[in-house]
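K.L.:
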Amino acid sequence: MSLPDAGRQLPVSRRTLLGGALGAGGLIVGSGLIDSGLPSASATPRLGRGGRPSLTHGLQSGDVTADSATIWTRADREARMFVEVSLDPEFRRSHTIPGARLRAETDFTGKTVLHGLPSGTEVYYRVTPYGRGDHDLAGQQLTGRFRTVSRRKGDVSFVWSGDLAGQGWGIDVDRGGFRIFEQMRKLSPDFYICNGDNIYSDGPIEATQEMPDGQIWHNLVTEEKSKVAETLDEYRGNYKYNLTDENIKRFYAEVAQIQQWDDHETHNNWYPGEILDDDAYTEKRVDVLKYRAQQAYHEYVPINPRYSDDGRVYRTLHQGPLLDVFVLDMRWYKDPNSPNRQEFNDGGILGLRQQRWLERELLHSRATWKVISNDLPLGEIVADGDTDYESVSNGDDGQPMGRELQIAEILRFIKRHKISNVVWVTTDVHYTAAHYFDPDKAAFSDFDPFWQFTSGPLNAGSFPASPVDKTFVPSRCSSSRPTTPTPRRRPSSSSSARSPSLPTVR
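With my numbering as the guide, the letters of the sequence shown map in order to residues 8 to 513.
1. Taking the alpha helix (DSSP H) that Y246 falls in, what are its first and last residues?
2. Where W458 and N428 are concerned, what is the direct C-alpha to C-alpha distance, given to the nearest angstrom?
3. When the Cα of L296 is compared with those of A236, E189, S101, which residue comes out closest?
4. Which runs of the beta strand (DSSP E) at least 3 residues long sit entirely within the stretch 242-315? Give them in chain order.
5. Let me check understanding here. Comparing Cα to Cα, which of Y304, R84, S482, P125 lies closest to D445?
6. Report the CB separation of G173 from G468 in whole angstroms; it is logged as a contact under 8 Å.
7. Verify the contact flag: T128, CB atom, against every heavy atom of the ligand PLP, threshold strictly below 7 Å.
8. Have a look at the DSSP bridge pairing and note the partners of Q147.
9. Consult DSSP for Y364 and reduce its assignment to one of helix, strand or coil.
10. Hey, how far is the Cα of V293 from the Cα of R319?
11. According to DSSP, is P446 part of a helix, a strand, or is it coil?
12. Kindly indicate the opening and closing residues of the alpha helix (DSSP H) around A415.
13. What first and last residue would you give for the alpha helix (DSSP H) that runs through K193?
14. For the stretch 77-88 and the stretch 115-129, state whether three or more C-beta atom pairs, one from each stretch, are separated by less than 8 Å.
15. Please check the pair G117 and E261, which I expect to be a contact at CB under 8 Å, by giving their CB distance rounded to whole angstroms.
16. Under the three-state reduction of DSSP, which class applies to D331: helix, strand or coil?
17. Where do the ends of the beta strand (DSSP E) carrying H122 lie?
18. With a Cβ-Cβ cutoff of 8 Å, do R133 and R108 count as a contact?
19. Ignore the nearest five residues each way along the sequence and tell me which others in H437's own chain have a CB closer than 7 Å to its CB.
20. Does the beta-carbon distance from T215 to W224 come in below 8 Å?
21. Report all residues from its chain with a CB closer than 8 Å to the CB of G69; omit the five preceding and five following residues, and keep chain order.
22. Confirm, please, whether the CB-CB distance from S400 to V334 is below 8 Å.
23. So does the stretch 342-356 actually touch the stretch 297-304, counting three or more Cβ pairs closer than 8 Å?
24. Can you grab the Cα-Cα spacing for the pair H325 / T289, in whole Å?
25. Look at the Cβ atom of R158, then the Cβ atom of G280, and state whether they are nearer than 8 Å.
26. Is the beta carbon of F460 less than 8 Å from the beta carbon of A441?
27. Using three-state DSSP, classify R154 as helix, strand or coil.
28. Of the choices D382, Y298, K234, whose alpha-carbon is the least far from that of I212?
29. Taking G161 as the reference, give the member of L383, D382, D342, T375 with the closest Cα.
30. Tell me the DSSP secondary structure of L357 in three-state form.
31. Identify whether T113 lies in helix, strand or coil by the three-state DSSP scheme.
32. Just tell me which of R299, R322, D476, N205 has its CA closest to the CA of D114.
33. Locate the beta strand (DSSP E) running through A86, then write down its first and last residues.
34. By how many angstroms is the C-alpha of V92 removed from the C-alpha of E217?
35. My guess is that H64 and R81 are in contact by the Cβ rule of under 8 Å, so how many angstroms apart are they, rounded?
36. Determine the contact status of V475 and E387, defining contact as a CB-CB distance below 8 Å.
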């Protein structure tokens, strides 16, 4: 039996998928994709003793467009994922695609990119793992769904947030686990943006956590989460820990993701070249840790695999005529944390290449709304120690300096080119807020007014609102946050995810 290379992105043409309506069986054989040596979807596979592969951590879909989607899964051993696709939830008519090989070198994870899907449509899929070298040896299949982007104008809804399993708040099964994901699932959004801190690789999970009222939070514990992550397997273990939660697996199986990272995927407040002053680490070189973190990230989140070669996170996701989403990476390219008072743009927090990319993408966007997903907030002061700053602002209320210079250039570019309806969404700071940036009140005024919306945390401690810097002087119009740091505040009292619905503009 001849199968295409697992690294290829395998097409499902719209004609073939819809043409499945003419087929009699559950498997529609596409030319050059599957030959008669593969059992049909309706056939009962032969199960060997102890040899059947199992899918261990559910399904995920991500980077969904009008005609494509990335499907992720993981097995317990070497196998190959086959993806059955249908427009019918009962799979009476379907098409099956031989997908990625799940290998030991990727911790048995894999992604398959589907192409040629119909736009604006609910797509159902099933993933079946087949044992290595024996395509009759099939594991139990899992089922998921996602909604492709519509090419027509119409309302778009999404949720966004971040900060998961932070400050020692892990999965308490008796309290329902990561319950916020079930609440988000019930909203049935078109997609979910994870702003980052999808894991806390630097935050071990202990068996118990005392709550402010004296009750005990009982965490699910694993070996990989018993210490800070330093090895590749420990970083992988952080993702596997979160994916044991039933709420998150159910949510990921039904809602497409746009994934982004922040600092805790690697280490708190990290920057390139940093040498950690942290006794919990034996490997203190961030430039070593970041590559292990990057590999685990690309293995475990459903970002399109074309970004894996260079480890890119920043990208544009077109969500139809109404919306474009611009995902930033404010970690990999940032300059060192410092007093942040440089008098020229040295690459700032994005790097010059990413800055030019963002400006170019905004300029070419024809969508009504442009949502910029920034993993670090604008205008809020986030310190790193006594003298340095972690984010954009530097605590000086005058004209832009340091990383502020780069943001000022971007805001000026947006104004000069009359790019309208730009909205920023972020997480990071462990409280929810809506900030309005008004040039009439700011020290730097060469920009059009805009909004930044902050969400979070999903399942982590809560913190008071950060002070604001008057260079861009955001006005806090609404906020939900404690007045003092409350890392022990139970997640059910602090968890938050925002869910905007962007109306059609005609």
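All C-beta atoms, glycine included, are put in the ideal place defined by N, C-alpha and C. These numbers were taken from a predicted model, which means no experiment stands behind them.
P.N.:
According to the data block:
1. 239-249
2. C-alpha separation (whole angstroms): 9 Å.
3. A236
4. 263-266
5. S482
6. 6 Å
7. The ligand PLP is absent from the structure shown, which contains no ligands of any kind.
8. Q147 is not bridged to any residue.
9. A small fix is needed here, since residue 364 is Trp in this sequence, not Tyr. Here W364 sits in helix by DSSP.
10. 18 Å
11. In the displayed model, P446 falls within a helix according to three-state DSSP.
12. 410-423
13. 187-193
14. yes
15. Not quite, the Cβ-Cβ distance comes to about 20 Å (not below 8 Å), so this is no contact.
16. strand
17. For H122, there is no enclosing beta strand (DSSP E), as DSSP marks it with neither H nor E.
18. no
19. Cβ within range, chain order: D170, G463, P464, A467, G468, S469, F470.
20. yes
21. Answer for G69: A76, T77, W79, A263, Q264, I265, Q266, V308, P309, I310, N311, listed in chain order.
22. no
23. no
24. 42 Å
25. no
26. yes
27. Of the three classes helix, strand and coil, the one that applies to R154 here is strand, per DSSP.
28. Closest option to I212, Cα to Cα, is K234.
29. T375
30. coil
31. helix
32. R299
33. Element bounds for A86: 86-93.
34. 46 Å
35. Contact flag correct, Cβ pair sits at about 5 Å.
36. yes
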